[in-house]
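Peer 1:
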Amino acid sequence: MAKRVAIVGTGQTFHKSHRPDVNGQELINEAVVRALNDANLKMKDIDAIVIGNMDHFEGINYVDCWSVDGSGGTMKPIIKLTTGGTTGCTVAIGGYHLVGSGMFDRVLVIGWEKNSESDTTGAITTAFDPIWDRLVFAGAISGLAAEAQAYMARYGATDRDGARVSVRDRKHAMNNPHAQLRKEVTLEEVLASPMLADPIHLLDVCPRTDGACAVIMASEDVAEKICPKPDWIWATAVRHSYSYLGDADYGRLTSMREGSQEMFKKAGIKEPRKELDVIELYQPYSFGGLIWIEDMGIVGPGEAPQYIWDGNTDMGGELPINPSGGVISCNPIGATGLIRCAEAAMQVMGKAEGRQVPDVNFAFSSGFGGCWWTDMILHGKKKPK
Amino acid sequence: MSDQFKGIEPMVYNSKINVPYSWWAGDTASKFFITLRDEKKIIGTKCGACKKVFVPPRKACPTCFTENTEWVSVSDEGTVLSYAVARRQFAAIPGDKKAPVVWGLIKLDGADTAMLHYLDEVKPEDVTIGMRVKAVFSNERKGTVRDISHFKPVK
């Protein structure tokens, strides 16, 4: 019964810091209509819907029910998946499972967020254990700072290395009309921007964004009829491991390492640096762009700074990372992982317009959650064996 | 109760979660509230495909999945489709309302969907399904659903 699965359409809002002109349902609707138009489908063609966003961010508990004006889920099978920062990638993997099971031919996957509506640090803090961790460790940025400090101490990296990643992503965002922040910055500007949590400067880290993304997946029975050159999903991996903050190996992202190894093994990829053509990394701060590509196996431990300084991950380089501008340029959290997936799909389908990387055969997209989780998807031009 | 704690000292950490919200109403709901506040009029959106009129207004028709672009005025009188009586003063009831409080689903004349609001100036035991009611507007209107104070029976 298992079916191969392809992405046949994507849609996004033009992401902004605030969208006072629409409520959440109306925001979702914009992305869904664009995805349907991209796939040349109507809502009646959709067999099931997966939707997700961050817990507590909008204070709406039954988003699957409440959002039907936006999702088109009226009298359709619809479920909500929520896994924190990884949500956007998790909903995509959930949609992949639904289609891959053979039970649904066409599944609509939605991620969305209106970060402007709540105190996001307050909401994120509820992810942490109330007895042990919540009292002393609040929000996302302090955990990221602890990771960056540990990496720098272990490998001798500096805040300039982090800043170089930020300069790259913010430059790439200039090519993406959907990105929230589209302003090039210099290394000096990153380093001179306010220090939020050492070594993370303001320009090292993502903004808060209102936005939605929708992706349509189809089984091999119908995919090529909908879209002649769809984006085939080759493999996915999910690693969620967290009890207490003291359990993590700071300076390494174990979930990325183990997930990547599983996914590349499934797809038969032996040298990801050579075989991947583009990466859309859920990288909410610059230092993640160093640490996590080492865990992915692109380069060895401690080698990422030089690899990035040499321009390999810039547009036109050996392996462009975040042609969209990435999460540093735009972060509607529940949508963010799905935007990575959609952007990777657009690269494979040749629909990435001004941010297109030439001749993409394999693309990698990921989701990251603040308790050191990683979800990931391998996208390919050819139909998997 | 006493037995299960015998010989142990259970430690408890009491806390509260406080996450403030500001929900954007969006242009569609805002037009409804501004018209209600400034003109004491109730308006809804109409689906161009199925012709359904939505009050509260909806930007998209959930069944046709098309954008509603037309606005129509509806009556301030309508029919009670169903109702519930809250007989305890629980936290969700605003301070200016005293139990028993009656909630009604009111389909205004000209609308195809019902809106939730208070029924007042009527005893709970006298409320009936199918009852005709009329909006009573608040004297001080601020652009919220409570710019309608409540609905009262049509005499």
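So the protein lines, in turn, are chains S and B.
Here the working numbering runs 6 ahead of the position in the first sequence, where the first position is 1.
Here the working numbering runs 1 ahead of the position in the second sequence, where the first position is 1.
Even for Gly, the Cβ is constructed at its ideal location relative to N, Cα and C.
So, at 8 Å on beta carbons, what are the nonlocal neighbours of S261(S) in its own chain, with the 5 sequence-adjacent residues on each side left out?
Peer 2: Taken in chain order, the residues that qualify are R245, H246, S247, W378, W379, T380.
Peer 1: Please report the residue range of the alpha helix (DSSP H) in which Q312(S) lies.
Peer 2: From DSSP, the alpha helix (DSSP H) with Q312(S) extends over 310-315.
Peer 1: At a CB distance below 7 Å, what residues from the segment 38-69 of chain B approach chain S? Give them in sequence order.
Peer 2: Flagged, chain order: R59, K60, A61, P63, T64, F66.
Peer 1: Taking the alpha helix (DSSP H) that Q353(S) belongs to, which residues open and close that run?
Peer 2: Taken as a continuous stretch (DSSP letters only), the alpha helix (DSSP H) holding Q353(S) covers 339-355.
Peer 1: Report buried or exposed for P183(S), applying the criterion of at least 16 other Cβ atoms within 10 angstroms of its Cβ.
Peer 2: Under this definition P183(S) is an exposed residue.
Peer 1: Return the residues of the segment 6-25 of chain B that lie within a Cβ-Cβ distance of less than 8 Å from chain S, sorted by chain order.
Peer 2: Per Cβ criterion, the list reads Y14, S16, I18, N19, V20, P21, Y22, S23, W24, W25.
Peer 1: When burial is assigned at 16 or more other CB atoms within 10 Å of the CB, is A112(B) buried or exposed?
Peer 2: Its Cβ being crowded by 16 or more others within 10 Å, A112(B) is buried.
Peer 1: Which of the three DSSP states, helix, strand or coil, is assigned to T46(B)?
Peer 2: Here T46(B) sits in strand by DSSP.
Peer 1: Can at least three beta-carbon pairs, one atom from the segment 346-358 of chain S and one from the segment 202-222 of chain S, be found at a separation below 8 Å?
Peer 2: Touching, per the Cβ criterion.
Peer 1: On a Cα-Cα basis, can you pick out the residue from I9(B), S83(B), F66(B) that is closest to K48(S)?
Peer 2: The option with the nearest alpha carbon to K48(S) is F66(B).
Peer 1: Could you tell me whether the Cβ atoms of K22(S) and D237(S) are closer together than 9 Å?
Peer 2: No.
Peer 1: Tell me, please, which residues DSSP counts as bridged to C219(S).
Peer 2: Answer by DSSP bridge pairing, in chain order: Q18(S), G117(S).
Peer 1: In angstroms, rounded to a whole number, what distance separates the CA positions of D255(S) and A156(S)?
Peer 2: One C-alpha to the other measures close to 9 Å.
Peer 1: By alpha-carbon positions, which one of P205(S), V171(S), M201(S), P200(S) ends up nearest to L193(S)?
Peer 2: Ranking P205(S), V171(S), M201(S), P200(S) by Cα distance to L193(S) puts V171(S) first.
Peer 1: Excluding five sequence neighbours on each side, which residues of the same chain lie with their C-beta closer than 6 Å to the C-beta of P57(B)?
Peer 2: These residues qualify, in order along the chain: M116.
Peer 1: Provide the residue(s) that pair with R245(S) in DSSP beta bridges, ordered along the chain.
Peer 2: For R245(S), which the question treats as bridged, DSSP gives the partners T380(S).
Peer 1: Comparing alpha-carbon positions, which option in T88(S), M201(S), W138(S) lies nearest M12(B)?
Peer 2: Among T88(S), M201(S), W138(S), the Cα nearest to that of M12(B) belongs to W138(S).
Peer 1: Determine the direct distance from the alpha carbon of Y14(B) to that of S335(S), and round the result to whole angstroms.
Peer 2: The straight-line gap from Cα to Cα measures roughly 39 Å.
Peer 1: Taking the alpha carbon of M302(S) as the point to measure from, which residue in S266(S), H178(S), H385(S) has its own alpha carbon closest?
Peer 2: Comparing Cα positions, the closest option is S266(S).
Peer 1: By the 9 Å beta-carbon criterion, what residues does the segment 84-104 of chain B contribute toward chain S?
Peer 2: Listed by position along the chain: nothing, the set is empty.
Peer 1: Just checking, does the segment 105-119 of chain S make contact with the segment 40-54 of chain S on the three C-beta pairs under 8 Å criterion?
Peer 2: Judged by Cβ distances under 8 Å, the segment 105-119 of chain S makes contact with the segment 40-54 of chain S, as three or more pairs qualify.
Peer 1: Say whether chain S places a C-beta atom closer than 9 Å to the C-beta of A30(B).
Peer 2: Yes, A30(B) counts as interfacial toward chain S.
Peer 1: My assumption, with CB atoms under 8 Å, is that Y3(S) sits in contact with I206(S). Please give the rounded CB distance.
Peer 2: This structure gives no information on residue 3(S), because the portion of chain S shown stretches from 7 to 391.
Peer 1: So does the segment 300-320 of chain S actually touch the segment 159-175 of chain S, counting three or more Cβ pairs closer than 8 Å?
Peer 2: At 8 Å Cβ cutoff, the stretches touch.
Peer 1: In this structure, does DSSP put E194(S) in helix, strand or coil?
Peer 2: Helix, per DSSP.
Peer 1: Can you tell me whether E277(S) is buried or exposed? The criterion is at least 16 other CB atoms within 10 Å of its CB, across all chains shown.
Peer 2: E277(S) should be labelled exposed.
Peer 1: On the premise that D135(S) lies in contact with Y250(S), defined as a C-beta separation below 8 Å, what is that separation, rounded to the nearest angstrom?
Peer 2: Contact flag correct, Cβ pair sits at about 6 Å.
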